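Protein chains: 2
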Amino acid sequence: MSGTREAAVAAADWGTTRLRIWLLDSYGEILAERRSDEGLLAAQPDRFEEILERHLGEMGASADLPVVICGMAGARQGWIEAPYASVPASLADIFGAAVRVPSAKRDVRIVPGLAQRDADRPDVMRGEETQLAGAVAKIGSGRHIVCMPGTHSKWVDIVDGTVAFFQTFMTGEMFSVLSGHSILAHSIAKDARVAAKDPHFANNVRKALSSVAPLETGLFRFRAGSLLHGLAPHDAAAALSGLLIGSEIAAAKALFALADSPVVLIASGTLCDLYQAALGWAGMDCITVDADEAVRLGLIHAARELGMIKEVTG
Amino acid sequence: MSGTREAAVAAADWGTTRLRIWLLDSYGEILAERRSDEGLLAAQPDRFEEILERHLGEMGASADLPVVICGMAGARQGWIEAPYASVPASLADIFGAAVRVPSAKRDVRIVPGLAQRDADRPDVMRGEETQLAGAVAKIGSGRHIVCMPGTHSKWVDIVDGTVAFFQTFMTGEMFSVLSGHSILAHSIAKDARVAAKDPHFANNVRKALSSVAPLETGLFRFRAGSLLHGLAPHDAAAALSGLLIGSEIAAAKALFALADSPVVLIASGTLCDLYQAALGWAGMDCITVDADEAVRLGLIHAARELGMIKEVTG
């Protein structure tokens, strides 16, 4: 086995519902990859080490391979708490505050999340700080406005690798609770796959971008549209998705006073397509970075900052 | 028994979860009143007549007393569908379209709801049109902007007894789904009683009134506030209530281009106190009409329009 193909570190993104693990060589190339549903919820309260070791064993990792982890594994209810770093925080500050799991047999470090302790605009993230680091490694320093869509979308103002301000939008979760638990549940298809080219998606993004208070005034219209105009459940799902994403982008545009510099969009798959289209309709260019790649690059960045990767010799 | 104390009509507000019935004399004075949890959900699919007759019997109503009903009993999934009247609609148009229940032993009429069939702003109400009629009976004709807070708050522009436009806000339901089914559930007290004088309520109403996109940017802050600043669950409930009510009022203010004419607030109890305070902080005067009284007056108005009340003689 050549030096460059030897695993230098294992990297894990351990979220609430999902776990992803990669074995990486010292250049950050992927040697092996695993995805599992053993997220925080499945691993609580004390199965973290057992789950990690089983996956590493099955991937053929050596017993002394170090592991760097980001995400909810570092929450208070996780494996061990990695207390939030506070904004303004540089990526080096954040990774420097990683916490070692004292009970683990091997060197396991968990990257902290980020907290904005401002009394009027408190906010937290855990996992996205690592994606940010990965994106910066790709796009370079300078000032960037970064959008990371998801259950809790994060918009971040980052200047030369230092996070100045961020804002969470509960866009994905709003879709889920409104379509699952509100009166809108009667009108909206379950598990609908929404495409960016769906006219109901596009129309509602545009409406949200040009309306006063779109979230307040727009939601019940899907119920009324279903009763009065026979709005089909799949179309209503696309419409709700458009309204929510459009509202998020309109709000972020106002909050971050976005002008003509492009937004960095860290996302994958359909969500990436939807946001890319919606940002375009809002007149905003975007540079996309794949979310999976971003978190992996960020974890490598963290491992290097923490001196966990042995330099390749010979 | 004197003529004025004889029941002239029974009036019922039959909503999704609640049923209220009054026996009224020809002047609209209350002779008897019943409240029950046998709303639409309990009465479906075919218990409407049985439930109504039992209550009327227990209240001592004669077998030929006519009954006027508003609310969800007239929905498609109700006792019999009373198809929506369409805006613009006068109160006389609405009540004139009441539907008689053909299977009922006595004269039972159900008042229709109202539909706004506009393709861009579809909306519906059922029950609130009757409250509106009751409020107009109290405050007179002219132009009024009326606010009826609740699970689905309704704001209505009514001119000389004709409904020109209305808008639903899912404020009450947003509180319920967010505090019950989202990540905020961990941070918000169940069944909290929020008071208008609670500083967390007041601060969040004011914040919502003065912020850009308060609903989009404000919600996750309660989660972060609980993690970072120990925001107590009861305080978070008051704060969420304030944010949602403040957002509704800010949106309505913009949508209805509200200037200096007062808002007519149809509400009862705590909800009335909360909205009255919040409207005041938004610089809007309000005239309040008790919601229970409004629906009763509206039902009497409907019964008269429909010729169901025998005029008192002698």
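Same order as they appear, the protein sequences are chains A and B.
Here the first sequence stands for residues 1 to 314, numbered as in our numbering.
Here the second sequence stands for residues 1 to 314, numbered as in our numbering.
We put the CB at the ideal spot given by N, CA and C, even for glycine.
Since this is a predicted model, take the numbers as computed values, not measurements.
If we count the other Cβ atoms within 10 Å of its Cβ and call it buried at 16 or more, is residue i buried or exposed?
i: LEU41 (chain A); result: exposed
i: GLY60 (chain B); result: exposed
i: THR217 (chain B); result: buried
i: SER261 (chain B); result: exposed
i: GLU29 (chain A); result: exposed
i: ALA63 (chain A); result: exposed
i: LYS310 (chain A); result: exposed
i: GLY3 (chain A); result: Because the pLDDT of GLY3 (chain A) is 45, which lies under 50, any placement of that residue in the model is unreliable, and the number read from its coordinates should be weighed accordingly. Burial call: exposed.
i: LYS207 (chain B); result: buried
i: ASP120 (chain B); result: exposed
i: VAL87 (chain B); result: buried
i: PRO102 (chain B); result: exposed
i: GLN116 (chain A); result: buried
i: TYR27 (chain A); result: exposed
i: HIS186 (chain A); result: exposed
i: ALA213 (chain B); result: buried
i: ASP285 (chain B); result: exposed
i: GLY280 (chain B); result: exposed
i: ALA257 (chain A); result: exposed
i: PRO199 (chain B); result: exposed
i: GLY242 (chain A); result: buried
i: GLU305 (chain B); result: buried
i: SER210 (chain A); result: exposed
Within 8 Å of any Cβ in chain B, is that where the Cβ of residue i sits?
i: HIS152 (chain A); result: yes
i: SER247 (chain A); result: yes
i: ALA97 (chain A); result: no
i: ARG18 (chain A); result: no
i: ALA42 (chain A); result: no
i: ALA119 (chain A); result: yes
i: CYS147 (chain A); result: no
Please decide whether residue i counts as near chain A, where near means a Cβ-Cβ distance under 8 Å.
i: GLN167 (chain B); result: yes
i: GLU316 (chain B); result: Outside the modelled stretch of chain B, which goes from 1 to 314, sits residue 316 (chain B), for which no answer is possible.
i: ARG206 (chain B); result: no
i: PRO112 (chain B); result: no
i: ALA89 (chain B); result: no
i: PRO122 (chain B); result: yes
i: ALA115 (chain B); result: yes
i: VAL212 (chain B); result: yes
i: ALA164 (chain B); result: no
i: ALA251 (chain B); result: yes
i: ALA92 (chain B); result: no
i: TRP22 (chain B); result: no
Tell whether a beta-carbon distance below 8 Å holds between residue i and residue j.
i: VAL289 (chain A); j: LYS138 (chain A); result: yes
i: VAL111 (chain A); j: LEU132 (chain A); result: no
i: LEU24 (chain A); j: ILE266 (chain A); result: no
i: VAL177 (chain B); j: HIS181 (chain A); result: yes
i: GLY127 (chain B); j: MET72 (chain B); result: yes
i: VAL124 (chain A); j: TYR84 (chain A); result: yes
i: GLY134 (chain B); j: ARG296 (chain B); result: yes
i: CYS147 (chain A); j: SER141 (chain A); result: no
i: ILE245 (chain B); j: LEU215 (chain B); result: no
In the DSSP assignment, what are the bridge partners of residue i?
i: GLN116 (chain A); result: A:ASP123
i: ARG143 (chain A); result: A:VAL159
i: ALA10 (chain B); result: B:LEU23, B:VAL67
i: SER153 (chain A); result: A:PHE169
i: CYS286 (chain A); result: A:VAL263
i: ALA137 (chain A); result: Bridge partners of ALA137 (chain A): none, in fact.
i: LYS85 (chain B); result: Per the sequence presented here, residue 85 (chain B) reads as Ala, with Lys not at that position. ALA85 (chain B) pairs with B:LEU114.
i: ARG34 (chain A); result: A:ILE21
i: MET148 (chain A); result: A:LYS154
i: VAL177 (chain B); result: According to DSSP, which records beta bridges pairwise, VAL177 (chain B) is partnered with nothing at all.
i: SER90 (chain A); result: A:THR162
i: ARG100 (chain A); result: A:ARG109
Looking at chain D, is there any beta carbon in it that lies within less than 8 Å of the beta carbon of residue i?
i: VAL68 (chain A); result: Of the protein chains in the structure, A and B, none is chain D.
Original post:
Which residues, in order along the region 170 to 193 of chain A, keep a beta-carbon less than 9 Å from a beta-carbon of chain B?
Top reply: MET170, THR171, GLU173, MET174, SER176, VAL177, LEU178, GLY180, HIS181, SER182, ILE183, LEU184
Original post:
Any residues in the region 216 to 244 of chain A with a beta carbon nearer than 7 Å to a beta carbon of chain B? Which ones, in chain order?
Top reply: GLU216, THR217, LEU219, PHE220, ARG221, ALA224, GLY225, LEU227, LEU228, HIS229
Original post:
When Cβ atoms are compared, which residues of the region 254 to 268 of chain B fall closer than 7 Å to chain A?
Top reply: ALA254, LEU255
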